[in-house]
Amino acid sequence: MEFVTAIVSSAYQFGDAFAFLVLSACGLAVIFGMMGVINLAHGEFIMCGAYMTVFAVNWGLPLPLAILCGSLFAGLVGMIIERVVVRRLYARPLDSILATWGVSLIASQGTLILFGPTMRGVGTPLGSFMVGALSFSYYRLVLIATALAVLLLLYLVFNKTRFGVLARATIQAPHMANALGVDTNRVYAFTFGIGAALAGLTGGIYAPTMTMIPTMGTTFIMEAFVTVVVGGADVFLGTAPAAALLAVVKASLTSWQGQLAGQIGLLLAVILVIRLLPKGITGFILKDRA
Amino acid sequence: MGRGPAFWSAFVVVLAFALAYPLFADGYDVGNNIYFLNWTFMALGLSLIWGYGGSLSFGQTAFFGVAGYSYGILTINFGTAYGFGLLSVLIAIAIAALFAAVLGYFLFFGRISGIFLGIVTLSVTLALERFMAQTAGPQWTIGSARLNGFNGMSGMPPLTLPWFGGEISLYPDIGLYYLVLCLLVVVYLGLRILVNSKFGNILVALRENPQRAEMLGYDIRKYQLGGFVIGAALAGLSGVLYTSWGQYITPSNMSITAAALPIIWVAVGGRSDITATLIGTLVVLSAFQALTIYGSQYALVVMGLLLVFTVLLAPKGLIANAGILLGSLLDRKNGGK
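Chains as they are written, first to last, in the working numbering: chain P, 42 to 331; chain L, 1124 to 1460.
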């Protein structure tokens, strides 16, 4: 029984870390992979989704619908920001980092002014179950399932739908796609919207487990950066394996030495990985294939 | 920007004003205004790394914090007698530079550039902030210095110089003002010499086209690393000056908001010119302080807007653009004569 408990406990911690990394990073990775833009306002989209979710719950919507609402709202805000700011900067990726950083400052401080330093959140639903002497939260299992579902959904969207074909065409050869009648601006806007909506989903689904403060996005942002840097440009070939690899590092170090050791371990892992594989895991896998 | 007799006479006039300023002002005000000068070193370092070398480093505040904390730990433990105050300043800056050298080795020799460089340096900064923020417990002491977690470390002695027949402690007052001003002039002129030297030219060359610079036989990684370390040492100098000035440093000096501020000063000023950076930093900082009277969250919103507008409308920087405009006006006048 001891043995089973230990196995379940490690699997649970790994799954939790994996879900956290995938969900933190996927929005950022979609935008980076498609457009080469690192969105420093990523954390604020997460915050935006979380706040909207809590508002919706307070208005009386059930939690899953509220999370959907938060996600759509963040996606909408993302499309507006793409239209107003990011679109002018596609030729200058470094400047788009700066601009989104400015947006991030405005958003987090604006939220602080509008809603105050903290807000009443919603409780974690679903309760817990016991394996041996340890108790586990059902909600964490929902998070793990969501992470897998998001990966699957992204795969289907980008590989099986018309939009996915247009989006991939736009990444590979923007001018060619444009010449063949693809409205590349719309594709960029939608992609940015999807990235922001995924960030909003992350915010919404983690909202019941966190304190609602305007800077809550920064909890996610380091993990998101690290995963995207290790992963490289492709969501499926990069982000997912990177999240799995880093989840092992994070879960084992966290259970050994605590939360902070997990984060520092992540950072050391990323510095090591970029020294060895500058293009991330994506580059490694593609080189093997070629 | 910044050549010819017109510029240098303006430089002398500004310097004369800066030197004469304490004669007309209260010692307390002068002491407070050192605050602005303290930050300029970090901004100048960032201008060197980013504007001249083309490597976007978001980690300046990490080096700032490392040097600030090192200074605190050293002086709290060993005091400032026998010139150790000055020595600990140098050691603190050296620790920041060493940290930058190790980090830079992995980054530049892994040929990380552009966006990833920014993200990794920012991640390092955030990790440092989280690390320092959780050092609240009594087990986190180094010698007799308590790191004190999120509340920050305080109680370190002010900057102390050895002098004939005893040392002088420089509390925020006129003496410290002159010292910092003097340092600033030295660093500014030193950086001007540096960016116009062969080293500076190669930095600009590799910013413009890394492959070409490499083909011409320069190991660009070494030059990038060199620029990065110099910039980090300058950020460390800012950190030490800030810590000894306020006798206080907290992890929030390394937060994501704090990390954004130097970027904003340098971007708004004009990153590819140290004169524009210097003017921009002082102007933006004073504006920020003036706005903070109405609440720092409003001031930060204005800073965010300023950054977005600068990037969209004047990517070279507002002060640099103003300088270019001024220069072309002067030229037209001269041409008309």
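Think of the CB as a built atom: it goes at the ideal place given N, C-alpha and C, for glycine as much as any other residue.
Predicted model, so just to flag it, every value in this text is computed and none were measured.
Taking a beta-carbon distance threshold of 8 Å, G1233 (chain L) counts as an interface residue toward chain P. Within the region 172–252 of chain P, the runs of alpha helix (DSSP H) that reach at least 4 residues and sit entirely inside it are, in chain order, 179–201, 203–213, 215–220, 225–247. Taking C-beta separations shorter than 6 Å and ignoring five residues to either side along the sequence, the partners of S1193 (chain L) in its chain run A1215, I1218, following chain order. Along the region 255–274 of chain P, the positions whose C-beta sits under 7 Å from a C-beta of chain L are T259, M263, F266, V267, V270, read in chain order. Counting the other CB atoms within 10 Å of its CB gives M257 (chain P) a total of 16 or more, which places it among the buried residues. Note on geometry: alpha-carbon atoms of E123 (chain P) and Y131 (chain P) lie some 10 Å from one another. For the region 1145–1184 of chain L, the full-length alpha helix (DSSP H) segments reaching 4 residues or more read 1150–1169 along the chain.
Against chain P, the beta carbon of I1379 (chain L) has neighbours under 7 Å at T259, listed in chain order.
Around the beta carbon of M1338 (chain L), a 10 Å sphere encloses fewer than 16 other beta carbons of the protein chains shown; the residue is thus reported as exposed. Straight-line spacing of the CA atoms in A47 (chain P) and Y53 (chain P) works out to 10 Å. Against P1438 (chain L), the close residues of chain P are R133, D136, in the order they occur along the chain (beta-carbon pairs closer than 8 Å).
By the criterion of at least three beta-carbon pairs nearer than 8 Å, the region 1393–1411 of chain L is in contact with the region 1151–1170 of chain L. Annotated three-state conformation of S1277 (chain L) is strand, per DSSP. Comparing C-alpha distances from L155 (chain P) to each of L:I1442, L:L1430, L:Q1420, L:V1425 shows the shortest one belongs to L:Q1420.
For the 8 Å CB-CB criterion, F233 (chain P) and V118 (chain P) do not form a contact.
At a cut-off of 8 Å between beta-carbon atoms, R1253 (chain L) makes contact with chain P.
Taking 4 residues as the minimum length, the alpha helix (DSSP H) runs contained wholly in the region 1282–1366 of chain L are 1297–1319, 1321–1331, 1333–1338, in order along the chain. Judged by their CB atoms, L1348 (chain L) and A1224 (chain L) are nearer to each other than the 8 Å cut-off. Comparing alpha-carbon positions, the option among P:V271, P:L81, P:G151, P:A208 lying closest to D224 (chain P) turns out to be P:A208.
For L139 (chain P), the closest Cβ of chain L is nearer than 8 Å. If you look at M88 (chain P), you'll find it in the alpha helix (DSSP H) that goes 83–99.
Around the beta-carbon of G245 (chain P), 16 or more other beta-carbon atoms lie within 10 Å, marking it buried. Between the alpha carbons of T1244 (chain L) and R1394 (chain L) lies a gap of roughly 18 Å. The DSSP-derived three-state label of I1372 (chain L) is strand. Between V71 (chain P) and V163 (chain P), the CB-CB gap reaches or exceeds 8 Å. Under the 8 Å criterion on CB atoms, V63 (chain P) is classed as non-interfacial with respect to chain L.
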